[in-house]
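Asks: The sequence shown begins at 3 in our numbering and counts up by one.
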Amino acid sequence: GLGVPALEGAVAAFVCEGAPAVLRRAAIGALGRMGAVSSVDRLVPLVLGDPSEAAAALSALTEIRSPAARDAALAALDGELEPEVQVAAVRYLAELGAVEVLPVLRRLARSDDAEIRLAASFASRAFKAERDRDAGERFLVALSEPDRAVRAVLARRLRTLPVKDVLDQAEVLLGEDAAGVVQILGEVRAPEITRYLLALSGRADLPVHVRARAIGAIEADQTWEREELTKIAHQADADDSLRASAIQAMGAFATSTELLERVADLANAPGPTIRGALMWALQLARRPDDRGDAAKIAKLVEPMLDDPDPMVRRRACFGAGNLGLDKLAPALARHCVVDANTPELRLAAYVALGELGMPGVIADVVAAIRREDDPRVLGAASNALIAASPDPNALASLAGRISTLLEAPDARTREAAAEIAGLLGGAVPAAALARLAADDSPSVRGAALWALGRLADAASEKTLLAAFRDDDASIHERAATGLLRLGTPDALAQAIAFIAGDGDAAARVALASALHVPPAHAERLSTVIDGALAKVGADDPAFEPLVRLKLASHVAHGAPSASIDVDAEIASVFPSFPQLVKLSGFDTLVKSLRTAESLFHTTGSQKDADLSPPITLWMKVLENYVHAWLGPRMAGLQRDPGTLFDYVDRVIGGSWSGYQRWIEPKWKDPAEVGGTKVDIPLRSIPNAVRELQERRRKRLDSPLSVTEWARLMVLFAVDHPSTGFRNLFKLGGKSPDRTVQLAHRLHTLAAVRNLVTHRASAGTATLAAFRRGYYSAFEDLVALA
Numbered sequence: 003g004l005g006v007p008a009l010e011g012a013v014a015a016f017v018c019e020g021a022p023a024v025l026r027r028a029a030i031g032a033l034g035r036m037g038a039v040s041s042v043d044r045l046v047p048l049v050l051g052d053p054s055e056a057a058a059a060l061s062a063l064t065e066i067r068s069p070a071a072r073d074a075a076l077a078a079l080d081g082e083l084e085p086e087v088q089v090a091a092v093r094y095l096a097e098l099g100a101v102e103v104l105p106v107l108r109r110l111a112r113s114d115d116a117e118i119r120l121a122a123s124f125a126s127r128a129f130k131a132e133r134d135r136d137a138g139e140r141f142l143v144a145l146s147e148p149d150r151a152v153r154a155v156l157a158r159r160l161r162t163l164p165v166k167d168v169l170d171q172a173e174v175l176l177g178e179d180a181a182g183v184v185q186i187l188g189e190v191r192a193p194e195i196t197r198y199l200l201a202l203s204g205r206a207d208l209p210v211h212v213r214a215r216a217i218g219a220i221e222a223d224q225t226w227e228r229e230e231l232t233k234i235a236h237q238a239d240a241d242d243s244l245r246a247s248a249i250q251a252m253g254a255f256a257t258s259t260e261l262l263e264r265v266a267d268l269a270n271a272p273g274p275t276i277r278g279a280l281m282w283a284l285q286l287a288r289r290p291d292d293r294g295d296a297a298k299i300a301k302l303v304e305p306m307l308d309d310p311d312p313m314v315r316r317r318a319c320f321g322a323g324n325l326g327l328d329k330l331a332p333a334l335a336r337h338c339v340v341d342a343n344t345p346e347l348r349l350a351a352y353v354a355l356g357e358l359g360m361p362g363v364i365a366d367v368v369a370a371i372r373r374e375d376d377p378r379v380l381g382a383a384s385n386a387l388i389a390a391s392p393d394p395n396a397l398a399s400l401a402g403r404i405s406t407l408l409e410a411p412d413a414r415t416r417e418a419a420a421e422i423a424g425l426l427g428g429a430v431p432a433a434a435l436a437r438l439a440a441d442d443s444p445s446v447r448g449a450a451l452w453a454l455g456r457l458a459d460a461a462s463e464k465t466l467l468a469a470f471r472d473d474d475a476s477i478h479e480r481a482a483t484g485l486l487r488l489g490t491p492d493a494l495a496q497a498i499a500f501i502a503g504d505g506d507a508a509a510r511v512a513l514a515s516a517l518h519v520p521p522a523h524a525e526r527l528s529t530v531i532d533g534a535l536a537k538v539g540a541d542d543p544a545f546e547p548l549v550r551l552k553l554a555s556h557v558a559h560g561a562p563s564a565s566i567d568v569d570a571e572i573a574s575v576f577p578s579f580p581q582l583v584k585l586s587g588f589d590t591l592v593k594s595l596r597t598a599e600s601l602f603h604t605t606g607s608q609k610d611a612d613l614s615p616p617i618t619l620w621m622k623v624l625e626n627y628v629h630a631w632l633g634p635r636m637a638g639l640q641r642d643p644g645t646l647f648d649y650v651d652r653v654i655g656g657s658w659s660g661y662q663r664w665i666e667p668k669w670k671d672p673a674e675v676g677g678t679k680v681d682i683p684l685r686s687i688p689n690a691v692r693e694l695q696e697r698r699r700k701r702l703d704s705p706l707s708v709t710e711w712a713r714l715m716v717l718f719a720v721d722h723p724s725t726g727f728r729n730l731f732k733l734g735g736k737s738p739d740r741t742v743q744l745a746h747r748l749h750t751l752a753a754v755r756n757l758v759t760h761r762a763s764a765g766t767a768t769l770a771a772f773r774r775g776y777y778s779a780f781e782d783l784v785a786l787a
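#1: For the beta strand (DSSP E) that residue 19 lies in, which residues bound it at each end?
#2: Here's the rule: buried if 16 or more other CB atoms are within 10 angstroms of the residue's CB, otherwise exposed. What is residue 343?
#3: Note down the Cα distance separating residue 337 from residue 326, rounded to an integer number of angstroms.
#4: For residue 434, which of 445, 450, 427, 444 has the nearest alpha-carbon?
#5: Look up residue 727 in the DSSP assignment and give the residues it is bridged to.
#6: Ignoring anything shorter than 4 residues, give me the alpha helix (DSSP H) runs that lie fully in the stretch 189–255, in order along the chain.
#7: Check this for me: beta carbons of residue 175 and residue 145, under 8 Å apart or not?
#8: So what does DSSP say about residue 678, is it helix, strand or coil?
#9: In the DSSP assignment, the alpha helix (DSSP H) including residue 130 goes from what residue to what residue?
#10: Spell out the partners DSSP gives residue 673 in its beta bridges.
#11: Rounded to whole angstroms, what is the Cα-Cα separation between residue 76 and residue 102?
#12: Check whether the stretch 566–583 touches the stretch 530–537, taking contact to mean three or more Cβ pairs, one atom from each stretch, closer than 8 Å.
#13: For residue 561, which residues of its own chain have a beta-carbon under 6 Å away from its beta-carbon, when the five flanking residues on both sides are left out?
#14: Please give the ranges of any alpha helix (DSSP H) in the stretch 249–334, keeping only runs that are unbroken, at least 4 residues long and fully inside the region.
#15: Tell me whether residue 408 sits in a helix, a strand or coil according to DSSP, three-state version.
#16: Among residues of its own chain, excluding the 5 on either side of residue 713, which ones have a beta-carbon nearer than 6 Å to its beta-carbon?
#17: Go ahead and label residue 225 buried or exposed: buried means 16 or more other beta carbons lie within 10 angstroms of its beta carbon, across all protein chains shown.
#18: On the three-pair Cβ rule with 8 Å, is the stretch 578–595 touching the stretch 491–509?
#19: Would you report the Cα separation of residue 320 and residue 382, rounded to the nearest angstrom?
#20: Taking only the alpha-carbon atoms, compute the straight-line gap between residue 84 and residue 168 and give it to the nearest angstrom.
#21: Measuring alpha carbon to alpha carbon, tell me which residue in 651, 682, 639 is nearest residue 700.
#22: Where residue 219 and residue 79 are concerned, what is the direct C-alpha to C-alpha distance, given to the nearest angstrom?
#23: What whole-angstrom Cβ distance do residue 725 and residue 657 have, given they're in contact under 8 Å?
#24: Using only alpha-carbon positions, find the residue among 161, 124, 126 that is nearest to residue 141.
#25: Determine the burial state of residue 459: buried for a count of at least 16 other Cβ atoms within 10 Å of its Cβ, exposed for fewer.
#26: With H, G and I counted as helix, E and B as strand and the rest as coil, what does DSSP make of residue 750?
#27: How many angstroms separate the CA atom of residue 756 from the CA atom of residue 393?
#28: Nearest-angstrom Cα distance between residue 441 and residue 447?
#29: Quick one: residues in its chain with C-beta nearer than 6 Å to the C-beta of residue 621, no 5 flanking neighbours on either side, listed in chain order?
#30: Per DSSP, what kind of secondary structure is residue 501 in: helix, strand or coil?
#31: How is the alpha helix (DSSP H) around residue 626 delimited, first residue to last?
#32: How many angstroms separate the CA atom of residue 3 from the CA atom of residue 32?
#33: Could you check if residue 25 is buried or exposed, using at least 16 other CB atoms within 10 Å of its CB as the buried criterion?
#34: In the stretch 531–585, which residue ranges form an unbroken alpha helix (DSSP H) of at least 4 residues, counting only runs that do not cross its ends?
#35: Quick one: what does DSSP say residue 440 is sitting in, helix, strand or coil?
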């Protein structure tokens, strides 16, 4: 959210269906802080969507000062939605000066919630300030704010005023603070503003840096704007800073092809500022998977690597890496030579080579590193080597130099040396690295443990195990990775304990997925894995990898058994499974089903075994599938909250008794699964709409339970004309009875899962019956979908 217009499209791309909810909300907030006018069309539909995203979208639109969501915000207020949405809608409308917000402001001012009353008070002040449409005062308030970020927010208040009034004030205040006026105008974003900024860039009476900022403030997303910038870039008699600013402003919005067509000839411009700006613009213009102009760009950049100006050379080095110009790797390697290049240039060259993977230049890089002693450059060199992951034999000549650097007084040097030592395949003894595991610097300790893990020397086991007493959590992760490679029983047991701990989820999952259980240690580790599974819940991302470890440990130390065709076993009770296997996007689901099925066959007959893991994993798959299937349907209903709340009040609230009498003969309670009885109370079904009765929409950014979806199916997926219940989910089943029966089976499966994971152990009969009921229900779900 730094306010760089060229980033708006990239950030807005995260506001999509496939992005994680936390990332979507972060992107929405960033778009607001950026004042991203271009993202308004993406944000408006969110106002009547998920409550947390609705509030975030309204807050972002308030910062952007766009009136586009006015109708949606009024609809949110009419529906008396969640408090956070109401407050965000009130603030948004008040900031726009919408008179329709006044009755709601008065109502919220009398709320029992002190936070809501305070929000209403602030909104009232904002409403009064917005109704006072004095452009002069608003401009002056923004101009007098010293903080640039706050000034940008205040400047956006001008977006709701006529552009002519804004430009009149800009002309009046230009002589007082020209640079501030330019920044403020850059936030307004209108074609008339662009023309005014272009006019400012040509005024010789203004300081050059102000004119350059005026060019840089242009949002050049229109072709005519880039044409004007091209003219400025080619004005030979103009100041170089103006021409450079025009090139960079264009690079933020043009494609690589367009940029090359417009300004490639300026690569030979006399001024280094212009050449450096072109290098910068080339990086801004590059788009993901855009390789069509790589050869032309490489031809343009190669001479810049030897440019007379150090700034241009350094920028060209970074650019060569960022742009993926593999052809330039030999030239970059020359810039790693100690005597011939400054530390800044050597650092840039190593960074670029790390991006490129050092194609064909390892020998040259090794020779340069042997003479390197600058801590910052060594850090970049070690990062580059790690990224390239060369053969240890190619680095063998570094052993002596690295052994010396391990004793260096500078912690950054010791860290880099330790990391490089880990790439040498044992040429530096593990004992030398073990000493650094007790270093005063956490970064050095982490590097030493990482290196010991890479070497997988049995002598380092004691050091790696001792690292778990370190106060730094990141140290534990590196130590666990190293223990994984050692593969001893104690090492693997500690690694499994880390996986079941509260460390970084992504790191724990990666470790669990990489862990291999040797047959010789399977029996001992089986108990450790069971203990780990007892500590993590089904929602923990490490749960499924641990289940697979349990399966692997059982297979490793169990008696030989007949080979099982897992897919055939599933298809025998779930005929639609072969079709699911062929569908794109179902890979994770299929993998989890295979794991649960394998676990059923391998542990289902094992004496005294905990049989809950396959049930838990099966239900986790079902929960994700049902949520992915019904979640968008529920979200669609919640986009029209007035109609939804009316249905909940009038039909569910008013006609439940008659509808319940119709369901009762079809709803067996308690239900029995393989001798295990579970309660499926019909009277609890309306609990699924409690939030809706309180005018709060359901949070759909994470999966709802199967129990809740089963209840919602009864309420929203059955046509029963005499009571008014309707199939609002638009499910394909034609028989209301079958839909109710399916909901009952889903409810029963969820109840068994809750029983075996919280209060009782599943017997083999229950497990077998659960499996039959599970696949039968899944088959019916697929038929409905």
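Where is the CB? At the ideal position from N, CA and C, for every residue including glycine. Just so we're clear, the structure is a prediction, and the values are computed from it rather than from any experiment.
Replies: Walking through what the data contain:
#1: Note, residue 19: premise wrong, no beta strand (DSSP E); not H, not E.
#2: buried
#3: 17 Å
#4: 450
#5: 722
#6: 193–203, 210–218, 225–235, 242–253
#7: yes
#8: strand
#9: 116–133
#10: 680
#11: 8 Å
#12: no
#13: Residue confidence is low: residue 561 scores 46 on pLDDT, short of 50, so the model does not pin down where it sits. Its coordinate-derived value is still stated next. None.
#14: 258–265, 274–287, 296–303, 312–324
#15: coil
#16: 687, 690
#17: exposed
#18: no
#19: 12 Å
#20: 37 Å
#21: 639
#22: 37 Å
#23: 4 Å
#24: 161
#25: buried
#26: helix
#27: 51 Å
#28: 6 Å
#29: 755
#30: helix
#31: 614–640
#32: The predicted model places residue 3 with a pLDDT of 41, which falls under 50 and marks its position as unreliable, so this point remains unresolved.
#33: exposed
#34: 545–559, 568–575, 579–584
#35: coil
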